[in-house]
Every structure is written in structure tokens, then in C-alpha cells.
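Peer 1: Sequences listed follow chains V and C, in order.
Numbering-wise, the numbering used here comes out as the position in the first sequence, counting from 1, plus 1199.
Numbering-wise, the numbering used here comes out as the position in the second sequence, counting from 1, plus 21.
Don't be surprised by glycine CBs; every beta carbon is placed ideally from N, CA and C.
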Amino acid sequence: MTRRTPYLLSAPAAVLLVGLLVTPVVLLVRVSLYEPSHGRGFFAPGTWTMENYAAVTDADGLGRLGFTVAFGAGVAALTLIVSYPIALFIRSRTAAWQAVALGAVLLPKFANALVLLFGLQQLLGPAGPVARSASVVVEPPRLTRNLAGALIGETYLVAPYAVLVLVVHLARIDPALTAAARGLGASRIRAFRRVTWPLSVPGVLLAGYLALMWGLGSFLGPMLLGGPEQTTLSVEVHRQAFEYGRWPRAAAGAVLLVATVGLTLAAYATVTRRREVV
Amino acid sequence: MSRAGWLAVGLVVAPLGFAAWISFSPDSFLTPPTGAWSLRWYKAFLADHRWVSALFRSLGIAGGAAAVAVAAGGPLAFAVARYRFAGRRALAAAAVLPACVPPAVLGMGLLPVLYASGLWGSPVAMALTHGLLGLPVVFLVVRSHLESLSPDLEAAARGLGASGWQSARRVTLPLVRPAILAGVAAAFVGSLNEGLVSLFLATPSSETLPAVVWPQLRFAPNPLVAVASCLSAATAVLAVGSIMLITRARRGTAPGTPS
């Protein structure tokens, strides 16, 4: 094999990545600078304007931007809160039951996200079993068409991956360490706080990074389980492109979203790196 | 602890189970059947040309996507794991990018590209796009598998006179086959269930099952939606199950084991 071999081997992937990822994202910037079409086509070719960026960063636009970041952070936090105990539980089972439990948690990923959210919609909706069983005691809380629904829906889509990451990281912790702490007289809670938790922090940070990354791009949760106020940037991009046919405005929204994801993740990486040193 | 844990695991599966239960409803309401179960909506699904052709189109696109993902991700993983070359780290990072870009951005970016290139609405464009989305998982799985193998095995083959190509085909490929099959399964299932980028790219001539489900779900949900979901989930489980069976059957005839 020659020096050219690794380049030949990488060529198919490079073509795919350049053709379907780099080119579209670069062209997205160009499309975002077109003037909107007036009646014909999806944009006015040959024009240059900043008006689409002005439109996506007006008062409403900045509100959506803020909501998107807050929503992404909320999804990440909720995902970790839900996934960590499940991962701990899975790790505490015997090998065979671990496989069963992990398989069950990953099973929804074999199904379409639309189906899952449909099931969730029916479960949480005003006619669903949750509301009906709660209504015996109290006025049931609304869990669809609002923030709670959107958060639950999106977390539900992200959590299985977080559980997987956490289980893998927890499995790397030598069980002898916890056993030693217990043997030296630490209570279960103390052994967890002083041994298991600190050793699992890298896994938590990775799971949080992934959840934040996907949470910032949230689309289906807000769309299917949220209300009109839960408009993330992704939802806005889709609406501009398909409800109004304004491709330039949608492209500007998409560019803003890419920048937001990049900056938020960079901030997350900086903060968590500093924490690890302490 | 144990009960609460299993309850939590059960809750994760609940929406899927609930959707499956609703699909057997005898009437048009979105309530699970408690008395009589019925296959009425399954029959309606199979009788409707649009649903059935979308299901088959989804399967074809998923097959194409898995092939694209493996053809691109497999060799790249081999190059990154076995060679040191300029651009290696950049490529390794870029290969994971498709999983990081928000689907709405990718969909919106591809829309004008495919529109301009005349590929908008072709199943080929859909398979290529889904192949791109499957690239990260194929790359990561095959790369980590390759890195866990001893390069001495390939060196031994070369030392015994095999050419680079022969050692790759006779030694490396059989050893990474389980990782490749896992990648195929993940890319296939991922494509089958991909409904976000498809939402931006689908036209009536290239709509996949999720693209048909979407308007129904938003504006007039009925048990047909549940049927469509269950059928595609069942297909995904079947596909992965058969791939696991192939992996197991192959294990018996792996190189080095006496046959």
C-alpha cells in the first residue's frame, strides 16, 4: 500500500461530507442573504440583503433565541436528572437483567420519534390515563400544548442516549473501590457521594454535552407537545420555510441556530473544563 | 429501589406500548381498546396505496442509506485507525458532525442544494442524506473495534507474504464484520425512523413513512398513525434481529476457528 492509500480510503466519506454537509451549510449562508421573492420562486436570485438577519434578531427573534437556549439547557438538566438514577439502577442489576433493562430503555429508539411522541401525547393528553387517574384527587395539570409537555417530549427523545453513555461510564468504575469504601465503614450514601459520584462526573459531563447539543436543536417536542409559545429556532426555521415559503428568512434562522449551538457548546466546554480542574 | 427502578424503565417503554395498544382500536377514537380488539386499522393501512408504498419506499431508502453509510464510514474508520496522515484528525472530527448539526439546519441547507441540482424529491437524494446521517455511528463503531484489535494480526499476514489488499480482505475484514453489521443495523434503523430532515426534503414522489405520518399526526391523528408506527418499529426490530442472527451464525465460521 502506498502513501495515497489513506486518502483513497477516506475519499467516499469526504465526498459525502463535502457534498451533503459542508456545501449545504455554506450555501445556507448565501441563501440567507437573498431578498425574499415577491410571488415567484423561493427567493430573488442575484440580490444581497441583510434584512433577513434583521428580521430574525428583532425583539421576537431575540425572544425565540433566548427561549431556545433556555429550553436546550432545560432539556439537558432534565435529561441528566432522569437518566442518572436509571443508569445507577441498571448498573446495580446482575448482568442478564442489565441487558434486559438497557434493552428496554433503548427499545423506543427502534421506533419512530413521531410514534413515540404520539404515544406520549395520548398518555399525557386531557383524555389520557394520567389526567384521568389524577382527576380523581385533584384538578389534573395540563401536560400537553405547554412548556411541560414540550420539555417532557424532548427529554424523552434524548434520555435513552444519556442513559447509555452513563451506563458505559459507570461500568468503567472498579466495583472494588465502592466495596473498599463500604468495608472501611462508609454508609451507602457516603460511598456514593465520595467514590461513585466523583468518578462518574466525566460521564455526566459527556451526557450533558450531548443532551444540550440535541436540546438546542429541539423540534419535535415543542412542535407536538408544546403550544404556540414554545417556538424554538428549529420550529421557526420550519415554519418560515414551509408555512410562509420564505427560504431566505428560514436560512437566516438556521445560520443563527448553528451559531447558537456552537457558542453554547463552547461555553459549556469552557465551564466544565474549569470545573474538572477544581 | 428495585421496584422504583423497574417502574422508571417501564415508563420509558410506556408511550411505545400505548401507541401499539391504540393501533388495535376497533373505532376511530384514540383510545386503547378495552373490550374488543380489532385489526381494522391494519387492514385500512394495507388497503391504502399511499401508506403501503411509503412503507416500501422507506425500506428501500433505509437499505440504500445503510450501504452509503458503510461504504463511506468503513474505509474512513480503517484509514483513521491504521494510518497517520495529514488531515486525519480533521476527518475524524468531521465524520461525527452529521450527528451534531440540528436536523432543521441540515434540512434547510439541503433544500436549496437539492432544489438547484434537480435531485429534490428523488429517493436517491433521500438515501444519500440518510447515509450521511448514518456515517457517524458506522465510523465510531468500526473505528473503536479496529483500535481494539491488535495490528500484529495484519502485520503477521503481511509478514507471511500477503499483499496489503489481501491482509485487509482476509484478516481485517472478517475480524471487524460484527462492527460493520452493527453499523449497518444502526444506519438502517436510523434511516427508517428519520423524520426530521425528511420533513424538509420529502415530496409526494419521495415521501417516507414518517413524512406521511407527520401531517396526519399534526392535523387529524387517527389509529392509522399508530399502525404505521407499529409496523415500522416491527420492521426495525426484525431487521436488527436478522442482522444479529447473521452475526451469530458467522461467528461459528470465523477465521482461525477449526471448521
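1. I'd like the ranges of any alpha helix (DSSP H) spanning at least 4 consecutive residues and lying wholly in the region 42-91 of chain C.
2. Quick check on leucine 245 (chain C): buried or exposed, where buried means 16 or more other Cβ atoms within 10 Å of its Cβ?
3. Answer with yes or no whether the minimum CB distance from phenylalanine 1270 (chain V) to chain C is below 9 Å.
4. Once you ignore the five residues that flank alanine 75 (chain C) on each side, which residues in its own chain have a CB closer than 7 Å to its CB?
5. Does the beta carbon of phenylalanine 66 (chain C) sit closer than 9 Å to a beta carbon anywhere in chain V?
6. Counting C-beta neighbours from all protein chains within 10 Å, is the total for glycine 1271 (chain V) 16 or more, i.e. buried, or is it exposed?
7. Could you check whether the region 1452-1468 of chain V touches the region 1283-1291 of chain V, counting it as contact only if at least three pairs of C-beta atoms, one from each stretch, sit closer than 8 Å?
8. Taking the alpha carbon of threonine 193 (chain C) as the point to measure from, which residue in C:Gly204, C:Leu213, C:Ser171 and C:Leu202 has its own alpha carbon closest?
9. Output the distance between the C-alpha atoms of tyrosine 1355 (chain V) and leucine 1305 (chain V), rounded to the nearest integer angstrom.
10. Could you check whether glycine 95 (chain C) and alanine 1312 (chain V) sit closer than 9 Å to each other, using their CB atoms as the reference points?
11. Could you check if valine 1337 (chain V) is buried or exposed, using at least 16 other CB atoms within 10 Å of its CB as the buried criterion?
12. Going by the beta-carbon positions, is the gap between glycine 155 (chain C) and valine 89 (chain C) smaller than 9 Å?
13. Rounded C-beta distance between valine 261 (chain C) and alanine 200 (chain C)? I'm assuming under 8 Å.
14. Have a look at phenylalanine 144 (chain C) and serine 226 (chain C) and give me their C-alpha separation to the nearest angstrom.
15. Under the rule that 16 or more other beta-carbon atoms within 10 Å means buried, what is alanine 1379 (chain V), buried or exposed?
16. Flag this pair as yes or no: are the beta carbons of tyrosine 1408 (chain V) and tyrosine 1467 (chain V) separated by less than 9 Å?
17. If the cut-off is 9 Å on Cβ atoms, which residues from the region 1202-1216 of chain V count as contacting chain C, listed in chain order?
18. Which stretch, first to last residue, makes up the alpha helix (DSSP H) that contains asparagine 1251 (chain V)?
19. Going by the DSSP bridge assignment, what does glutamate 215 (chain C) pair with across the sheet?
20. Quick one: does alanine 115 (chain C) have its CB under 9 Å from some CB of chain V?
21. Would you list the one or two residues that DSSP bridges to glutamate 1234 (chain V)?
22. Report yes if the CB atom of tryptophan 1446 (chain V) is closer than 9 Å to the CB atom of valine 1221 (chain V), and no otherwise.
23. Asparagine 1311 (chain V) touches chain C at which residues, Cβ-Cβ below 9 Å?
24. Using 8 Å for Cβ pairs, my map puts glycine 1452 (chain V) next to proline 36 (chain C). What's the rounded Cβ distance?
25. Give the secondary structure of aspartate 1259 (chain V) by DSSP, where H, G and I count as helix, E and B as strand, and everything else as coil.
26. Look at the alpha carbon of glutamine 1439 (chain V) and the alpha carbon of glycine 1352 (chain V), and state the distance between them as a whole number of angstroms.
27. Taking 9 Å as the cut-off, decide whether the C-beta atoms of alanine 68 (chain C) and alanine 247 (chain C) are in contact.
Peer 2: Looking at the atomic coordinates:
1. 61-68
2. buried
3. Not a single CB atom of chain C sits nearer than 9 Å to the CB of phenylalanine 1270 (chain V).
4. Glu228, Thr229, Leu230 and Val233
5. no
6. So glycine 1271 (chain V) ends up on the buried side.
7. no
8. C:Ser171
9. In a straight line, the C-alpha of tyrosine 1355 (chain V) is about 11 Å away from that of leucine 1305 (chain V).
10. no
11. Label assigned to valine 1337 (chain V): exposed.
12. Against a cut-off of 9 Å, the Cβ pair of valine 89 (chain C) and glycine 155 (chain C) comes out as a contact.
13. Actually they are not in contact, since the Cβ atoms of valine 261 (chain C) and alanine 200 (chain C) sit about 15 Å apart, beyond 8 Å.
14. The sequence shown places proline at residue 144 (chain C), not phenylalanine. Taking the straight line joining both Cα atoms gives about 8 Å.
15. exposed
16. yes
17. Arg1202, Thr1204, Pro1205, Tyr1206, Leu1207, Leu1208, Ser1209, Ala1210, Pro1211, Ala1212, Ala1213, Val1214, Leu1215 and Leu1216
18. 1250-1255
19. DSSP lists no partner for glutamate 215 (chain C).
20. yes
21. V:Ala1243
22. For tryptophan 1446 (chain V) and valine 1221 (chain V), no; Cβs fall outside 9 Å.
23. The contact set of asparagine 1311 (chain V) on chain C, defined by CB atoms closer than 9 Å, consists of Leu213, Asn214, Glu215, Gly216, Leu230, Pro231, Val234, Ala249, Ser250, Ser253, Ala254 and Ala257 in chain order.
24. Not really, about 30 Å apart at Cβ, beyond 8 Å.
25. Correct three-state label for aspartate 1259 (chain V): helix.
26. 23 Å
27. no
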